[in-house]
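Asker:
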Amino acid sequence: MRLGITPSGPELLQRGELYVKVTRFSEAIPCFEQLADRGNLPLNMRLRALDHLATCYKNTSQYAKSLNTVLKLVATPKPDSLWYYEARAYVTVINVYDLVSDFEKCSHYLGRIEALLLRHNAPRKEVEDLRLTMLLYRAALHLDRKQYPEALAECKKAQRMNLKGVTKLMADMNFAYLLEFMGEPAKAEEIYRQIMQTKDEELIYNVNYENAMFNYALLLLKQKRYEESETICLHQIPNTFVTGQKNTRGVLYEVLGRALHGQGRHEEAFEKLLLSVNTLDSLRNEKHIDLSDVTQTFETRLAEIEKRQPSAGGSGINWWITAVALALILIEGIWCGVAIRRKNERRRQSSRLRQFGDVEMEHCRCESATQKELDEANRRIVSISMKKGEADSMLASVREIAEAPSTSSREKINGIRNLLKSVPVSDRNWEIFRAHFEKVHPIFFSNLSKRHPGLTQGDLKMAAFIVMNISSKEIASLLCRSQRTVESARYRLHKKLMRDDDSTPMAEYLRSFMG
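Sequential numbering from 628 applies to the sequence shown in the working numbering.
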């Protein structure tokens, strides 16, 4: 609540849809939950909020909540003009069944969408979006069944439509994946390269873009183009920290490990493969759920809802419209008695609300710009840390050459000189890292240093990694250090903070210095 005014329905809807646009589904969920709980919303806005909420729950692996929200949407009485929200809800159901490879159920709900398209009228844009969605999912189902000619036919139909933005990205990704399996990797690579040329951040930080880059890295790995595959993985992994797609991060670590193994860099390969296993295992532990129970419960409740509804749908809706019309007539009669007295008061309130609305919208614009700037700063921090880790790795190689017992001094000097020529040495790595970090959290270091003046630069750096929620394994990878070394540094920091008698987690304690 700001300026004493609760955000209006349109403001909450706009805010939630902005979060969805940049794939920040966890932050979008509270906006749509608040909308769904309000009792005075227009029907169109309520259905729209439920549709977004089901999608956000699905994208954050809350499948039971997603399907329960679909049931609420289906059970809500709606006129013919809003039928397409039910069709969109079935798209979410298809996504859930696709996770458990239940292709028969996917086909069943695609058939439901097609039946709704044939039975009802809708605005042209909604009809085109649904038809395109059906084409893309039918192509994906054919791919899963290895029915490549049928999948190609559906992809070509989608390519002939006027595709833009995320929808075009999804179609291109499916088409490239199909071409690869049909024995045309060169054409698939051409599409992947076109996808890489995009400069639109909305697409770059989209789940479909990450999947396309993973498919491209895997294609290069199969062709034994290990260095190119490594480059794509190293470029894409930092983005997964922004989007929060741990599953994509885990499989990218696996491809990276296999690419390093192909280059004979076995120790690095083992480290990345271990990171892949740990990342995917942590994801399974966080989101372990029996989808068979969830889908079975959903089917049972959906059958109960449809049993209560009239089979044709028309008589039930007409009765509902008649009841609403009678209620509106009664309300209008009551309202007319007080309308004159409220008219003047509304005029005065309208002026004040417009002023509050202008301030609120300006605040939302500033908040969006600030958040974008913060995300960019965080991405730069991780990128700088990775570059520093690469430089430290090269310097470790210098030490190995210098300590080699069977090499002459001249050979050592020449080897070190040649190696150092390739090292992008910069004494300002930590200063750059700190400058970007302070742009996001400007008072963190000063507050922490005042409370604990004995902390070294290394301690401050470790504290920054901890508040960024980067695990010890990932810190070790970024800094080219062993996990044991990182754990020792964390322990030393813990001791310097003198927190033996405090049960508060160290990360939570450090975040208290952000102001």
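Backbone N, C-alpha and C fix where the C-beta goes; we use that ideal spot for every residue, glycine too.
Where do the N-terminal and C-terminal ends of the alpha helix (DSSP H) with phenylalanine 652 fall, by residue?
Answerer: The count along the sequence shown starts at 1 and reaches residue 652 at position 25. From DSSP, the alpha helix (DSSP H) with phenylalanine 652 extends over 652-664.
Asker: Would you kindly check if the distance between the Cβ of arginine 673 and the Cβ of alanine 681 is under 8 Å?
Answerer: On the sequence shown, residue 681 is found 54 positions in, with the first residue counted as 1. On the sequence shown, residue 673 is found 46 positions in, with the first residue counted as 1. No, Cβ-Cβ distance for alanine 681 and arginine 673 is not below 8 Å.
Asker: Just checking my contact of valine 921 with tyrosine 690 at CB under 8 Å: how many whole Å lie between their CB atoms?
Answerer: Residue 921 sits at position 294 when you count from the first residue of the sequence shown. Residue 690 sits at position 63 when you count from the first residue of the sequence shown. At roughly 5 Å, the Cβ-Cβ gap stays under 8 Å, so valine 921 and tyrosine 690 are in contact.
Asker: Checking 8 Å against the spacing of the C-beta atoms, do valine 878 and phenylalanine 841 come in under that value?
Answerer: By 1-based counting over the sequence shown, the position of residue 878 is 251. By 1-based counting over the sequence shown, the position of residue 841 is 214. Yes; because the gap between Cβ atoms is below 8 Å, this pair is in contact.
Asker: Give a yes or no on whether the C-beta atoms belonging to leucine 1124 and histidine 1079 are separated by under 8 Å.
Answerer: Numbered from its first residue, the sequence shown carries residue 1124 at position 497. Numbered from its first residue, the sequence shown carries residue 1079 at position 452. Against a cut-off of 8 Å, the Cβ pair of histidine 1079 and leucine 1124 comes out as a contact.
Asker: For the candidate residues Ala815, Ile721, Ala839 and Gln890, whose alpha-carbon lies nearest to that of arginine 852?
Answerer: For the purposes of this step, residue 852 is taken as residue 225 along the sequence shown, with counting starting at 1. The shortest C-alpha separation from arginine 852 is found at Gln890.
Asker: At what residue ranges does the segment 860-938 contain a whole run of the beta strand (DSSP E), taking only runs of 3 or more?
Answerer: Segments of the beta strand (DSSP E) lying fully in the segment 860-938: there are none.
Asker: Quick one: grab the DSSP three-state call for isoleucine 958.
Answerer: Numbered from 1 along the sequence shown, position 331 holds the residue referred to as residue 958. If DSSP states are grouped into helix, strand and coil, isoleucine 958 belongs with the helices.
Asker: Taking DSSP as the reference, what is the three-state secondary structure of glutamate 741?
Answerer: Working through the sequence shown from its first residue, we reach residue 741 at position 114. Glutamate 741: helix per DSSP, three-state reduction.
Asker: Using C-beta distances below 7 Å, list every residue in its chain close to histidine 915, excluding the 5 sequence neighbours before and after it, in chain order.
Answerer: Here the question's residue 915 lines up with position 288 in the sequence shown. Interpretation of histidine 915 is limited by its pLDDT of 47, a score under 50 that renders its predicted location unreliable; no figure is taken from the coordinates.
Asker: Relative to the C-alpha of isoleucine 864, which residue among Leu846, Leu902 and Asp827 is closest?
Answerer: By one-based count along the sequence shown, residue 864 stands at place 237. The shortest C-alpha separation from isoleucine 864 is found at Leu902.
Asker: Is isoleucine 1070 helix, strand or coil when you go by DSSP?
Answerer: Residue numbering aside, residue 1070 sits at position 443 when the sequence shown is read from its first letter. Three-state DSSP puts isoleucine 1070 in coil, outside helix and strand.
Asker: If we ignore side chains and look at the alpha-carbon of each, how far apart do valine 1052 and glutamate 854 end up?
Answerer: If you number the sequence shown from 1, residue 1052 lands on position 425. If you number the sequence shown from 1, residue 854 lands on position 227. Low local confidence applies: a pLDDT of 43 at valine 1052 is under 50, so the model's placement there is unreliable, with the coordinate-based value given in what follows. So the alpha carbons of these two residues sit roughly 22 Å apart.
Asker: For tyrosine 712, collect the residues of the same chain with a Cβ closer than 8 Å to its Cβ; drop the 5 residues on either side in sequence, then sort them by chain order.
Answerer: One-based indexing of the sequence shown puts residue 712 at position 85. Excluding positions up to five away in sequence, the list reads Leu674, Arg675, Leu677, Asp678, Leu700 and Lys705.
Asker: Using CA atoms only, rank isn't needed, just tell me which of Ala702, Arg1044, Ser635 and Glu644 is closest to isoleucine 932.
Answerer: Taking the sequence shown and counting its residues from 1, the one referred to as residue 932 is at position 305. The residue with the shortest Cα to Cα distance from isoleucine 932 is Ala702.
Asker: In whole angstroms, what is the alpha-carbon distance linking glycine 941 and leucine 743?
Answerer: Numbered from its first residue, the sequence shown carries residue 941 at position 314. Numbered from its first residue, the sequence shown carries residue 743 at position 116. Any reading at glycine 941 is ruled out, since the residue's pLDDT is 45, under 50, leaving its predicted position unreliable.
Asker: Hey, could you find the ends of the alpha helix (DSSP H) proline 637 is sitting in?
Answerer: Indexing the sequence shown from 1 puts residue 637 at position 10. Here the alpha helix (DSSP H) through proline 637 covers 636-648.
Asker: With 8 Å set as the bound, which would you pick, yes or no: does the beta-carbon of asparagine 667 sit closer than that to a beta-carbon of chain D?
Answerer: Among the protein chains of the structure shown there is no chain D, as only one such chain exists.
Asker: Using a 10 Å radius around the Cβ and a threshold of 16 neighbouring Cβ atoms, would you call tyrosine 724 buried or exposed?
Answerer: One-based indexing of the sequence shown puts residue 724 at position 97. Tyrosine 724 is buried by the Cβ-count criterion.
Asker: Report buried or exposed for glycine 884, applying the criterion of at least 16 other Cβ atoms within 10 angstroms of its Cβ.
Answerer: Here residue 884 refers to the residue found at position 257 of the sequence shown. When all chains shown are included, glycine 884 counts as buried.
Asker: Enumerate, from N- to C-terminal direction, the unbroken beta strand (DSSP E) stretches of 3 or more residues contained entirely within the segment 756-790.
Answerer: Segments of the beta strand (DSSP E) lying fully in the segment 756-790: there are none.
Asker: Going by the CB atoms, is the gap between tyrosine 775 and phenylalanine 808 shorter than 8 Å?
Answerer: By one-based count along the sequence shown, residue 808 stands at place 181. By one-based count along the sequence shown, residue 775 stands at place 148. In this structure, tyrosine 775 lies closer than 8 Å to phenylalanine 808 by Cβ.
Asker: Go ahead and label leucine 726 buried or exposed: buried means 16 or more other beta carbons lie within 10 angstroms of its beta carbon, across all protein chains shown.
Answerer: Taking the first residue of the sequence shown as 1, we reach residue 726 at position 99. By the 10 Å Cβ count, leucine 726 comes out exposed.
Asker: Threonine 719: which of Asn686, Asn1045, Ser909 and Arg765 sits nearest, CA to CA?
Answerer: As a position in the sequence shown, residue 719 is number 92, starting the count at 1. Ranking the options by Cα distance to threonine 719, first place goes to Asn686.
Asker: At a cut-off of 7 Å, is histidine 893 close to the ligand GDP when judged by its beta-carbon and the heavy atoms of the ligand?
Answerer: In terms of ligand content, the structure shown is empty, and the ligand GDP therefore cannot be addressed.
Asker: Return helix, strand or coil for valine 727, following the three-state DSSP convention.
Answerer: On the sequence shown, residue 727 is found 100 positions in, with the first residue counted as 1. Correct three-state label for valine 727: coil.
Asker: Return the first residue and the last residue of the alpha helix (DSSP H) that aspartate 678 is part of.
Answerer: Position 51 of the sequence shown, counted from the first residue, corresponds to residue 678. Element bounds for aspartate 678: 670-686.
Asker: Put histidine 1079 into one of helix, strand or coil per three-state DSSP.
Answerer: The sequence position of residue 1079 within the sequence shown is 452, counting from 1. Three-state result, histidine 1079: coil.
Asker: CB-CB under 7 Å to glutamine 1110, same chain, minus the five flanking residues each way: which ones, in chain order?
Answerer: Translated into the one-based positions of the sequence shown, residue 1110 becomes position 483. Ser1099, Lys1100 and Ala1103, listed in sequence order.
Asker: Distance check for tyrosine 764 and arginine 1108, CA to CA, integer angstroms please.
Answerer: Position 481 of the sequence shown, counted from the start, is the residue given in the question as residue 1108. Position 137 of the sequence shown, counted from the start, is the residue given in the question as residue 764. Looking at the two C-alpha atoms, the distance is approximately 44 Å.
Asker: I'd like the list of long-range same chain contacts for arginine 1117, defined as Cβ closer than 7 Å, with 5 residues on each side in sequence excluded.
Answerer: Position 490 of the sequence shown, counting from 1, holds the residue named residue 1117. Within the same chain, arginine 1117 has close Cβ partners Met1089 and Ser1099.
Asker: Quick check on asparagine 945: does DSSP put it in helix, strand or coil?
Answerer: Sequence index remark: in the sequence shown, residue 945 carries index 318 (1-based). Its pLDDT being 49, under 50, asparagine 945 is placed unreliably by the model, and nothing is read from it.
Asker: With 16 other CB atoms within 10 Å as the buried threshold, where does serine 919 fall?
Answerer: By 1-based counting over the sequence shown, the position of residue 919 is 292. Serine 919 should be labelled exposed.
Asker: Excluding the 5 residues flanking threonine 1131 on each side, which residues of the same chain have their C-beta closer than 7 Å to its C-beta?
Answerer: Locating residue 1131 in the sequence shown gives position 504, where the first residue counts as 1. Counting only Cβ-Cβ distances below 7 Å, and skipping sequence neighbours, we find nothing.
Asker: Go ahead and pull the three-state DSSP assignment for glutamate 811.
Answerer: Looking up residue 811 in the sequence shown gives position 184. In this structure, glutamate 811 counts as coil in the three-state DSSP scheme.
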